[in-house]
Amino acid sequence: MTKEELKQYAKSFGADIVGIASMDRFEGVPAQMDPRFIMPEAKSMIVMGFRVMRGSLRGIEEGTFFSNYSAMGYGGMTYTYIPMTVINLCKVIEDEGYEAIPIGHQSDWRGIDNRGNLRQNYSRPVEEGKPQPDIMLHLRFCAYLAGLGEIGYSKMLLTPEFGPRVRIGVVLTEAEFEPDPIYNGPKLCNKCMACVRNCPGRAISAEKTVKVNLAGHEIEYGELDCDACDIAFRGGEICKDGERGTYFADRDDIKPAPHSPFYNKPVNLYNSGQAVCGAMGCTRACMISLEARGVLKNKFHKPFRRKKLWSIDWSDYEPVEFTNTSVSELGAHTSRITDGTVKESTRRTVSLDEQHSKEAD
Ligand code: SF4
Ligand code: SF4
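According to the numbering used here, the sequence shown is numbered sequentially starting from 6.
So, in structure tokens, the structure goes:
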């Protein structure tokens, strides 16, 4: 099978962009993140990019439909669409007699934490000289090493096709394919800092940067405060002194932030989807900036931002008991919207505000 045929298969299975990295490009990568410890005989890494629909960001942008980005732009892609594609691509490679490992997001099983430190009391190497199971690939860096794009100041992968609006799946294989060059096309990140200014958690530092060397190329990005992102990403903010919050079920110091309309963090979708911030800074702001500069290939007839940004006034916030309703509980409250009002199945008509309060109680 030629490299072109392989890429054609990947696209027919659902990938939008495909690149190939040779394994020597991983020289110098920490052992806990080195794919050569997963498959020592690997000759190639095939990295596929999957676009997040620009339309999936619209509901959060306009405050009308929050679930879609978390479901279809995040968890559903990560845990359904990408695994199907990488598995299908592995089938055509294994049909040729070469082993292939389909890799998507396996971040719940890994030997290191978000900061790259070994997780305490998690696992131990199976023999001397091996890292702890499980290896955690840095998918964005894999994509960089396969030539799919740049690492922007936000540490997001920026592709010439979709900018930061992309997720990643990987196939590791013993089959050898000619590697693609590392991306050297038109510069995508111009350090506009829209990502920094628009991140609701102020999680991306404007001053402190991190430098890494990937296959001889120096990459520099803003230091990311993972704790701040973790809270803001899910729509929360830390309470002020004397306040109590119930936004997260397991903490009493988090309340809803102005970018979340929810009294309590909504349930996860497709295992991980809970992206209430809608990637306000790292994706949406960056995409708007890149589109305005005309550097992305995926063009649209209308600009993304069409309305003034909304913000919720939570100054009257009072903690409420955590009410993350299960699907069956939601079923008991089946409602329909008619002329701006919500009609419950009991035929009592209530305003949207009242309905919202009721569900939060
Ligand atoms: S928003 Fe600007 S600075 Fe941030 S990654 Fe995108 S182009 Fe770079
Ligand atoms: S996911 Fe949200 S909180 Fe985290 S860096 Fe991006 S914009 Fe900031």
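Using N, Cα and C, we set each Cβ at its ideal position, and we do this for glycine too. All of these numbers come straight from a predicted model, not from anything done at the bench.
DSSP-derived helix/strand/coil call for residue i
i	result
residue 55	strand
residue 97	helix
residue 280	coil
residue 60	helix
residue 81	helix
residue 335	Reliability fails at residue 335, whose pLDDT of 48 lies under 50, so the model's placement of it is uncertain and the value that follows must be treated cautiously. Looking at residue 335 - three-state DSSP - the assignment turns out to be helix.
residue 362	In this prediction, residue 362 has a pLDDT of 27, which is less than 50 and means its spatial position is unreliable; what the coordinates show is noted afterwards. Three-state DSSP puts residue 362 in a helix.
residue 269	coil
residue 35	coil
residue 107	strand
Assigned exposure category for residue i - 16 Cβ within 10 Å defines buried
i	result
residue 125	exposed
residue 115	buried
residue 184	buried
residue 333	A caution first: residue 333 carries a pLDDT of 44, below 50, which makes its placement in the model too unreliable to give a value.
residue 55	buried
residue 20	buried
residue 203	buried
residue 130	exposed
residue 186	exposed
residue 269	buried
Cβ-heavy atom distance, residue i to ligand 1, below 7 Å
i	result
residue 188	no
residue 6	no
residue 245	no
residue 211	no
residue 157	yes
residue 290	yes
residue 285	no
residue 44	no
residue 89	no
residue 200	yes
Bounding residues of the beta strand (DSSP E) (the contiguous stretch that carries residue i)
i	result
residue 226	222-229
residue 150	Looking at the DSSP string, residue 150 is not in any beta strand (DSSP E); the run it does join, the alpha helix (DSSP H), is 144-150.
residue 293	Careful: residue 293 lies outside any beta strand (DSSP E), inside the alpha helix (DSSP H) at 291-297.
residue 26	22-27
residue 171	171-178
The alpha helix (DSSP H) enclosing residue i, as first and last residue numbers
i	result
residue 12	8-18
residue 203	199-203
Residue i Cβ short of 7 Å to ligand 2 heavy atom set
i	result
residue 197	no
residue 206	yes
residue 167	no
residue 194	no
residue 238	yes
Supposed close pair residue i, residue j - CB separation, criterion 8 Å
i	j	result
residue 292	residue 169	6 Å
residue 312	residue 133	Going by Cβ atoms, the distance from residue 312 to residue 133 rounds to 60 Å, so no, they are not a contact pair.
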